[in-house]
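Residue numbers (our numbering), protein chains in the order written: chain W, 747 to 878; chain A, 747 to 878.
Even for Gly, the Cβ is constructed at its ideal location relative to N, Cα and C.
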DNA sequence: CTTTTATTCAACCGACAGGTTGAATTTATT
DNA sequence: AATAAATTCAACCTGTCGGTTGAATAAAAG
């Protein structure tokens, strides 16, 4: 039932990142995730503490489900929601990889070079600048 | 003028997470980040490869700046853009912490307990109906 | 000084996101 | 069978988002 991982290449990596980041961008949805982190729960249970209609929460859950962060299995009339732990790996990987770039390249050379260039230019004019 | 890069501790952690996740949810903005990961650049340079107006990119940059992921310093008429490596720490931390929850709690106990409960309920029904 | 270059500001627009309410659907309970 | 509960579907409203075009502003270059 759970064909997680390699088999879902119908959607681009970018689109998946879009979906997960967007899903995580809403505070209500992050709260839902945190709630589900403590225990699996039905839609009604998840919705209970929120100051909005059940329908609104239901829609949030659909967003989370579409992004792959939340999984749903039906048990009669109840829909049991759980979290898919591996769904954040891709996002995590993107962040990690991007940050690595910075730390290696940015901090040292590039920044100094840029500083030098701008220094050279302002040395020619040298007006009263006095910024901190 | 706007105090960019100044202390904005008045914003809640949730709001900051909102901003960063939302900033990262757009593929154009992620591409901008990747571009700036390789070298600092001016707005025009950043905008050049994108199939949209300079104004559109300028707006994306403002979103990234407001989220704290990108920093800007003016040098004459040029605005030099760089990445703030530490800005993703908060996001990274949230993901890491949330995932930890799952792996510890979800997989084992909670899931089994839930299974048992639903099992119990259908057992009651079983007495007056056939097995399934 | 005039012009070009870099960038933002402002107004506008279509699409989508997040919320509402009301009904429909499926399953449990009595 | 009748009712209640859990959930979604559908229509609708409002605000924000991503994009456009057409200024305005500020600094550099001629």
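Item                                                                                                                                                                                        : Value
What did DSSP end up calling residue 857 of chain W once you bin it into helix, strand or coil?                                                                                             : With a pLDDT of only 44 at residue 857 of chain W, under 50, the local geometry of the prediction cannot be trusted, and the value read off the model is given with reservation. In the structure shown, residue 857 of chain W sits in a helix (DSSP, three-state: H, G or I).
Can you name the start and end residues of the beta strand (DSSP E) that residue 817 of chain A belongs to?                                                                                 : 816-821
Using a Cβ-Cβ cut-off of less than 8 Å, give me the residues of the region 764-778 of chain A that come near chain W, in sequence order.                                                    : 764, 767, 768, 770, 771, 772, 773, 776
What is the rounded straight-line gap between the Cα of residue 805 of chain W and the Cα of residue 821 of chain W?                                                                        : 19 Å
In the DSSP assignment, the alpha helix (DSSP H) including residue 810 of chain W goes from what residue to what residue?                                                                   : 800-813
I want to see whether chain A comes within less than 8 Å of residue 841 of chain W, judged by CB atoms only; does it?                                                                       : yes
Starting from the Cα of residue 796 of chain W, find the closest Cα among W:766, W:776, W:764, W:834 and give me that residue.                                                              : W:776
Using a Cβ-Cβ distance cut-off of 8 Å, determine whether residue 790 of chain W contacts chain A.                                                                                           : no
With residue 763 of chain W as the anchor, note down where its alpha helix (DSSP H) starts and where it stops.                                                                              : 759-770
Quick check: the Cα distance between residue 852 of chain A and residue 835 of chain W, rounded to an integer number of angstroms?                                                          : Caution applies to residue 852 of chain A, whose pLDDT of 44 falls short of 50 and renders its modelled position unreliable; the value that the coordinates give is listed next. Roughly 17 Å separates the two Cα atoms.
Using the C-alpha atoms, what's the distance from residue 831 of chain W back to residue 767 of chain A?                                                                                    : 18 Å
On the criterion of 16 or more Cβ atoms from any shown chain inside 10 Å, does residue 814 of chain A qualify as buried, or is it exposed?                                                  : buried
From this set, A:763, A:810, A:782, which residue's C-alpha is nearest residue 844 of chain W's C-alpha?                                                                                    : A:782
Going along the region 780-814 of chain A in order, which residues come within less than 9 Å of chain W, judged by CB to CB distance?                                                       : 780, 782, 783, 784, 785, 786
Going along the chain, which residues of the region 816-834 of chain A sit with their C-beta nearer than 8 Å to a C-beta in chain W?                                                        : 821, 822, 826, 828, 829, 831, 834
Just to confirm, are residue 826 of chain A and residue 779 of chain A a CB contact at a threshold of 8 Å?                                                                                  : no
Could you give the first and the last residue of the continuous beta strand (DSSP E) run that contains residue 827 of chain A?                                                              : 824-829
Check the Cβ of residue 845 of chain W against every Cβ in chain A and list those closer than 7 Å, keeping chain order.                                                                     : 831, 834
Please report the residue range of the alpha helix (DSSP H) in which residue 773 of chain A lies.                                                                                           : 773-784
Leaving out the 5 sequence neighbours to the left and right, which residues in its chain are closer than 7 Å to residue 812 of chain A when beta-carbon positions are compared?             : 765
Measuring alpha carbon to alpha carbon, tell me which of W:759, W:771, W:789, W:838 ends up nearest residue 760 of chain A.                                                                 : W:771
Drop a sphere of 10 angstroms on the beta-carbon of residue 757 of chain W, count the other beta-carbons inside from all chains shown, and report buried for 16 or more, exposed for fewer. : exposed
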